[in-house]
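Last residue of the sequence shown: 295 in UniProt numbering, with the numbers rising by one and none dropped. Glycine included, C-beta positions come from ideal geometry on N, C-alpha and C. Written below as structure tokens is the structure these notes are about.
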Amino acid sequence: MSKSPTLHREIVWRTKGHRGGPITRLMSPSDLGKVVKPFVFLDIFDTGNTNVNALQGMPIHPHSGVATVTVFTEGAMHYNDPNSGTGLIGYGGVEWMRSGHGIWHGKELFPADVERIQGFQLWLSLPEELELSQPESFYLEEDKISQTGPAKVIVGEYEGVKSPLPTPDDVNYLLVRLQPGERWTYQPPKGHSVGWMAIAKGNVASSDESIHSGEMIVFSQEETAIEIVADKNGEAIFVLGSAVPHPHDLHLGYYSVHTSQEALNKGEARIVELKKKLDEAGDRQTQTGNVPVFH
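Here it is as structure tokens:
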């Protein structure tokens with residue numbers, strides 16, 4: 001007897017991660033990142049009622065082999081970079097950084113005069129042709145990120161709306177805001193069997209299951225539509241990712257993710273070289289308190 005088709009996308013994993021200060025680690029390359037690669041890392045940062053400057057406690061640190069996508073769901077932060085100018089990133093604004101063969105960063109954003117800052121930092125594992133490429137980083141304010149329905153297209157292309165970010169093909173990453181009781185259906189593009197979401201605000205239901213603020217869930221690997229409805233008592237804000245599965249095993253350094261041990265060795269060697277140059281560069285802090293990305 002043939003199996004009847006699935007009518008909705010099942011939830012196969014859920015987590016609230018591990019919190020440390022204002023940051024909650026929802027996914028790492030050594031755990032869920034293996035399941036939903038090319039998405040390999042996800043933090044939700046939220047200063048709550050504490051000092052927004054708590055986010056400045058992150059030390060400057062290196063990366064190679066990944067792209068990081070930081071999107072804000074509440075509050076705002078300043079950027080000040082010789083290559084990108086100055087500006088303010090608020091709801092739906094994005095910091096994009098492709099580490100390629102190596103960068104150092106961690107203090108390139110400085111809190112604005114706001115009561116709370118919240119958002120997500122995502123890592124994407126880069127394909128072979130980009131994992132040792134020249135690094136790049138820049139900032140996009142909210143008005144540069146196009147929207148279709150309730151979804152801002154942060155990465156990829158959806159319903160004819162394309163992100164301005166130079167991201168790898170076959171990856172979508174959306175920021176979605178639903179009004180109380182609003183229903184939304186996401187039909188993944190062909191081949192996008194990886195699917196997950198994480199909630200910044202409010203509660204939603206999908207596949208007859210409730211999903212709560214601060215939670216990340218992973219859907220079954222198939223291309224069935226994902227149906228989401230916001231709780232009737234309040235709006236919901238969440239990120240959702242879908243992709244063609246990453247075809248390589250993950251080779252992990254402390255801050256690096258590559259497709260092979262050889263590529264990892266090259267990335268980590270470059271990081272060591274950059275650290276020497278970074279030390280020689282001395283104090284690079286700007287007048288607004290930022291420290292630009294170094295590569």
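- One thing to note: G65 has its Cβ within 9 angstroms of the Cβ of G267.
- Between the alpha carbons of S84 and E215 lies a gap of roughly 33 angstroms.
- Ranked by how close their Cα comes to the Cα of W184, the residues V176, K190, G191 have V176 in first place.
- Here the alpha carbons of S220 and N233 stand approximately 28 angstroms from one another.
- In the displayed model, V272 falls within a helix according to three-state DSSP.
- Rounded to the nearest whole angstrom, the C-alpha separation of R284 and E227 is 47 angstroms.
- For K201, the uninterrupted beta strand (DSSP E) segment begins and ends at 194 to 201.
- Exclusion of the five residues before and after E209 leaves I11 as the residues of its chain whose Cβ lies within less than 6 angstroms of its Cβ.
- Under DSSP, M216 takes part in a beta bridge, and its partners are T15, A198.
- No Cβ-Cβ contact shorter than 9 angstroms links P29 with V171.
- Take the alpha-carbon of D46 and the one of P22: they are about 5 angstroms apart.
- Residue burial annotation: R14 is exposed, with fewer than 16 other C-beta atoms found within 10 angstroms of its C-beta.
- Taking 8 angstroms as the upper bound for CB-CB distance, V239 and H105 are not in contact here, some 21 angstroms apart.
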